[in-house]
Structures are given as C-alpha cells and as structure tokens.
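Novice:
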Amino acid sequence: MQRQGGGSIVNIGSVLGLKAALAFPVHPYAVAKAGVAMLTKTIAVHYAKDGIRCNC
54 MQRQGGGSIV
64 NIGSVLGLKA
74 ALAFPVHPYA
84 VAKAGVAMLT
94 KTIAVHYAKD
104 GIRCNC
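The working numbering applies: residue 54 is where the sequence shown begins, and numbers increase by one.
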C-alpha cells in the first residue's frame with residue numbers, strides 16, 4: 054500500500070470492545086475486540102501520512 058500511494062484497511066469490531074457487559078461472560082471476546090479497536094487507531098495514525106486509511 055505504501056508503494057502504490059495509499060489504500061484502505063477495514064477491521065471488524067464490536068461494541069463489546071468499547072463498553073462493559075454484565076449480562077453474560079464475554080471477557081475474552083471483549084478484550085480481543087478492544088485490542089482490535091486500539092490496533093486500528095494506532096495503524097490509522099501511523100500510516101495516515103502514506104495515504105493509508107484504517108477504520109473499524
């Protein structure tokens with residue numbers, strides 16, 4: 054993507070990665086989705102200068 058001058062990355066997240074849920078035990082799932090959300094934000098900031106967008 055850097056060589057071609059840009060591109061898009063789309064990650065699939067979940068609201069459980071952003072908010073706590075008490076209804077059922079989803080701790081491992083929520084942690085994984087929170088990691089995806091933060092990785093997405095980090096990639097977006099890091100590669101913005103190269104024209105690469107990253108969204109979740």
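For glycine and all other residues, C-beta sits at the position ideal for the given N, C-alpha and C. All values derive from a computational prediction rather than experimental measurement.
In the DSSP output, which residue or residues are listed as bridge partners for V63?
Specialist: The partner list for V63 (beta bridge, DSSP) reads N108.
Novice: Enumerate in chain order the residues of its own chain whose CB-to-CB distance from A90 is below 6 Å, with the five nearest sequence positions on each side excluded.
Specialist: Taken in chain order, the residues that qualify are G66, G70 and C109.
Novice: Can you grab the Cα-Cα spacing for the pair H99 / A73, in whole Å?
Specialist: Whole-angstrom Cα-Cα distance: 28 Å.
Novice: Since N64 and T95 are thought to touch, with beta carbons under 8 Å apart, how far apart are those beta carbons, to the nearest angstrom?
Specialist: 11 Å between Cβ atoms; not a contact.
Novice: Distance, Cα to Cα, V68 vs S61?
Specialist: Going by the C-alpha atoms only, they are around 22 Å apart.
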